[in-house]
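Student:
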């Protein structure tokens, strides 16, 4: 048994060892006063119990093995002195201790069952099972009702130790499974959060860049000045998207609360709308003049508006007319209605990832998001409960 193993004992086991040391002291005192062979053997065996009590719960298999071996040696020494009455040793309590520790702390259940079986078999020769002759005070064995009653008591104690410990073992495993499930759930939620943020940040920027790049290609054929302006717009859009991605990465790396402050707020909506106007959307915007809304709600509203405009430009094309209405009263209500400028096919391809993301974002804040319509006319409506704390 290493020094490191001994040093890791639990406080309760240390206290129990201190109590056991008093029992050892009694055996040593008796052996010194009566230096017979059996007294010396019992004193030596008593000393050997101490290290196994010290590691009772930190090394349950080791301690159980030690208890079983020492109890077997004690029983052999005790039987060798029959019919002399050496009494019932308090070390017999280590039998249910061995059963409890292995059932409570050992993953391999076969070990616990083996220890229980050994303890049950040992109960047949337990000193408590023998009867005392009143005349000579010596011991004798008699197979009667008293014997079977005591056997039932032994087995009840050992069985109780086993099943109570097994119940705690199962509860521990349940708690571990729940903790593992919560951990995986947190990982999944974090993964979805990152996916939503990356999509919401990049989707509208890349859509604008794509549309403006197409316009630049056409303009380059006839008007180099217009093509240059388009390239500048593309550069600015890419720069803005890069800054937002860097902001997300910084927030993910930092544990401080300030780094997690949402980057885009409602004050940025007008700039986003202007960018989509430049890309070719015809937008009528009805926006409030002040925004006393929590930072997270503002970010959600910005993402919803950006997603609606992105989908209009991507699926309905340049010239699409979009009405944006944002109202802040008892709740934040935003409605985007987009109408294509020309007839559209009945179905337009799209993954729907963006709409799923903003819907999840709205639901996470206690709100709702509903989308309806077709490729010709599409409506996006969201409602969020208002929280005035700007750092909510």
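Numbering (the working numbering), first residue to last: -14 to 377.
Note that CB positions come from ideal geometry on N, CA and C, so glycine has one too.
No experiment lies behind these values; they were computed from the predicted model shown.
Within 10 angstroms of the Cβ of residue 328, are there 16 or more other Cβ atoms? Answer buried if so, exposed if not.
Tutor: Residue 328 sits at position 343 when you count from the first residue of the chain shown. Label assigned to residue 328: exposed.
Student: Do the stretch 40 to 50 and the stretch 84 to 93 make contact, defined as three or more Cβ pairs closer than 8 Å?
Tutor: yes
Student: Cutting at 8 Å between CB atoms, please list the residues of its own chain near residue 31, excluding the five before and the five after it.
Tutor: For the purposes of this step, residue 31 is taken as residue 46 along the chain shown, with counting starting at 1. Closer than 8 Å at Cβ, skipping near neighbours: 8, 9, 12, 13, 76.
Student: Specify, as a first and last residue, the run of the alpha helix (DSSP H) that residue 102 falls within.
Tutor: One-based indexing of the chain shown puts residue 102 at position 117. 94 to 107 is the extent of the alpha helix (DSSP H) around residue 102.
Student: How close, in whole Å, do the beta carbons of residue 283 and residue 251 come, if the pair is a contact with beta carbons under 8 Å?
Tutor: Against the chain shown, residue 283 aligns to sequence position 298. Against the chain shown, residue 251 aligns to sequence position 266. With a Cβ gap of about 5 Å, residue 283 and residue 251 count as contacting.
Student: Expressed to the nearest angstrom, what Euclidean distance is found between the alpha-carbon atoms of residue 82 and residue 169?
Tutor: Taking the first residue of the chain shown as position 1, residue 82 is located at position 97. Taking the first residue of the chain shown as position 1, residue 169 is located at position 184. Near 36 Å, if we compare the C-alpha coordinates of residue 169 and residue 82.
Student: Taking the continuous beta strand (DSSP E) assigned at residue 269, which residues delimit it?
Tutor: The residue you call residue 269 lines up with position 284 of the chain shown. It spans 267 to 271 - the beta strand (DSSP E) in which residue 269 sits, taken as one unbroken run.
Student: Could you give the C-beta distance for residue 63 and residue 112, rounded to a whole number, given that I count them as a contact under 8 Å?
Tutor: In the chain shown, residue 63 corresponds to position 78, counting from 1. In the chain shown, residue 112 corresponds to position 127, counting from 1. Sure, about 6 Å apart at Cβ, within 8 Å.
Student: Along the chain, where does the alpha helix (DSSP H) containing residue 87 start, and where does it finish?
Tutor: Translated into the one-based positions of the chain shown, residue 87 becomes position 102. Note, residue 87: alpha helix (DSSP H), 79 to 90.
Student: What three-state label does DSSP hand residue 323 in the structure shown?
Tutor: The residue given as residue 323 occupies position 338 in the chain shown. Strand at residue 323.
Student: Assign residue 80 to one of two classes, buried (16 or more other C-beta atoms within 10 Å of its C-beta) or exposed (fewer than that).
Tutor: For the purposes of this step, residue 80 is identified with residue 95 of the chain shown, where counting begins at 1. By the 10 Å Cβ count, residue 80 comes out buried.
Student: Between the beta-carbon of residue 266 and the beta-carbon of residue 232, is there less than 9 Å?
Tutor: In the chain shown, counting from the first residue as 1, residue 266 sits at position 281. In the chain shown, counting from the first residue as 1, residue 232 sits at position 247. No, they are not a contact pair.
Student: Give every residue of the same chain whose Cβ lies closer than 7 Å to the Cβ of residue 254, excluding the five residues on either side of it in the sequence, and list them in chain order.
Tutor: Here residue 254 refers to the residue found at position 269 when the chain shown is read from its first residue. These residues qualify, in order along the chain: 272, 287, 290.
Student: May I ask you to report which of helix, strand or coil DSSP gives residue 146?
Tutor: Locating residue 146 in the chain shown gives position 161, where the first residue counts as 1. Residue state, collapsed to three classes: helix.
Student: What whole-angstrom Cβ distance do residue 351 and residue 370 have, given they're in contact under 8 Å?
Tutor: In the chain shown, counting from the first residue as 1, residue 351 sits at position 366. In the chain shown, counting from the first residue as 1, residue 370 sits at position 385. Yes, they are in contact, since the Cβ atoms of residue 351 and residue 370 sit about 5 Å apart, within 8 Å.
Student: If you draw a straight line from the C-alpha of residue 134 to the C-alpha of residue 128, how long is it?
Tutor: If you number the chain shown from 1, residue 134 lands on position 149. If you number the chain shown from 1, residue 128 lands on position 143. Between residue 134 and residue 128, the C-alpha separation is close to 11 Å.
Student: In terms of residue numbering, what span does the alpha helix (DSSP H) encompassing residue 346 cover?
Tutor: Numbered from its first residue, the chain shown carries residue 346 at position 361. First-last of the alpha helix (DSSP H) with residue 346: 338 to 349.
Student: Per DSSP, what kind of secondary structure is residue 368 in: helix, strand or coil?
Tutor: As a working note, residue 368 is residue 383 in the chain shown. It is a strand residue.
Student: How is the alpha helix (DSSP H) around residue 9 delimited, first residue to last?
Tutor: Position 24 of the chain shown, counted from the first residue, corresponds to residue 9. Unbroken alpha helix (DSSP H) run through residue 9: -4 to 18.
Student: Taking Cβ to Cβ, would you say residue 323 is nearer than 9 Å to residue 308?
Tutor: The residue you call residue 323 lines up with position 338 of the chain shown. The residue you call residue 308 lines up with position 323 of the chain shown. For residue 323 and residue 308, yes; Cβs fall inside 9 Å.
Student: Starting from residue 281, follow the alpha helix (DSSP H) in both directions and report where the run begins and ends.
Tutor: Stepping through the chain shown from its first residue, residue 281 is reached at position 296. Note, residue 281: alpha helix (DSSP H), 280 to 296.
Student: Terminal residues of the continuous beta strand (DSSP E) containing residue 309?
Tutor: The residue labelled residue 309 in the question sits at position 324 within the chain shown. Segment 306 to 313, the beta strand (DSSP E) holding residue 309.
Student: Measuring straight from C-alpha to C-alpha, what distance separates residue 367 and residue 182?
Tutor: Position 382 of the chain shown holds residue 367. Position 197 of the chain shown holds residue 182. Rounded to the nearest angstrom, the two C-alpha atoms are 18 Å apart.
Student: For the beta strand (DSSP E) that contains residue 386, what are its first and last residues?
Tutor: Absent from the model: residue 386. The displayed extent of the chain is -14 to 377, so no value can be given.
Student: Which one or two residues does DSSP pair with residue 168 in a beta bridge?
Tutor: Position 183 of the chain shown, counted from the first residue, corresponds to residue 168. Bridge partners of residue 168: none, in fact.
Student: Determine the contact status of residue 360 and residue 301, defining contact as a CB-CB distance below 9 Å.
Tutor: Counting from 1 along the chain shown, the entry for residue 360 is found at position 375. Counting from 1 along the chain shown, the entry for residue 301 is found at position 316. Contact: yes.
Student: According to the Cβ coordinates, are residue 49 and residue 84 closer than 9 Å?
Tutor: For the purposes of this step, residue 49 is taken as residue 64 along the chain shown, with counting starting at 1. For the purposes of this step, residue 84 is taken as residue 99 along the chain shown, with counting starting at 1. Going by C-beta atoms, residue 49 is nearer than 9 Å to residue 84.
Student: From the DSSP output, which residues share a beta bridge with residue 317?
Tutor: Working through the chain shown from its first residue, we reach residue 317 at position 332. Answer is 313, 369, bridged to residue 317.
Student: Which partner residues does residue 363 have in the DSSP bridge list?
Tutor: Taking the chain shown and counting its residues from 1, the one referred to as residue 363 is at position 378. Beta-bridge analysis with DSSP links residue 363 to 323, 358.
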